[in-house]
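Working notes, structure below.
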Amino acid sequence: MYEGRDFSRLSMESKQDWQDGELGYFHYALSQTAPYLNSEGVTILREINEEIKRRGGLKQREAVWTSDASTFMN
């Protein structure tokens with residue numbers, strides 16, 4: 001679940017001031033709706049992509065799973 005500043009607040013700031021999680025979330029959200037974006041939405045998505053590239057990409061977070069059944073047997 002996304003826990004960060006809402007888009008109306010972020011839209012008032014430079015993409016350089018956005019946190020990685022904010023860039024990642026809105027990149028994903030806008031990419032999923034790309035066929036329906038107007039020209040302003042496409043421009044925002046392009047700016048987000050450019051900022052992600054400028055930072056050298058985003059680090060992918062991976063889930064950690066354990067199969068240690070003893071954890072649940074107490």
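If you count the sequence shown from 1, position 44 lands on 44 in full-length UniProt numbering, and the numbers rise without skipping.
Don't be surprised by glycine CBs; every beta carbon is placed ideally from N, CA and C.
Practice task
Along the alpha helix (DSSP H) that carries Lys53, what are the first and last residues, could you check?
Solution key: Residue 53 sits at position 53 when you count from the first residue of the sequence shown. Residues 39 to 54.
Problem - When Gln19, Ala34, Asn38 are compared against residue 75, the one with the closest alpha-carbon - result: Because the chain in this structure spans residues 1 to 74, residue 75 falls outside the shown range and cannot be described.
Problem - Distance between Arg46 and Asp6 (C-alpha atoms, nearest Å) - result: In the sequence shown, the residue the question calls residue 6 occupies position 6. In the sequence shown, the residue the question calls residue 46 occupies position 46. Taking the straight line from one Cα to the other gives about 19 Å.
Exercise for the section: Note the first and the last residue of the continuous alpha helix (DSSP H) segment covering Ala29. Expected result: By one-based count along the sequence shown, residue 29 stands at place 29. Looking at the DSSP string, the run of the alpha helix (DSSP H) that includes Ala29 is 20 to 32.
Problem - Buried versus exposed call for Gly24 [16 or more other C-beta atoms within 10 Å across all chains shown] - result: Numbered from 1 along the sequence shown, position 24 holds the residue referred to as residue 24. Under this definition Gly24 is a buried residue.
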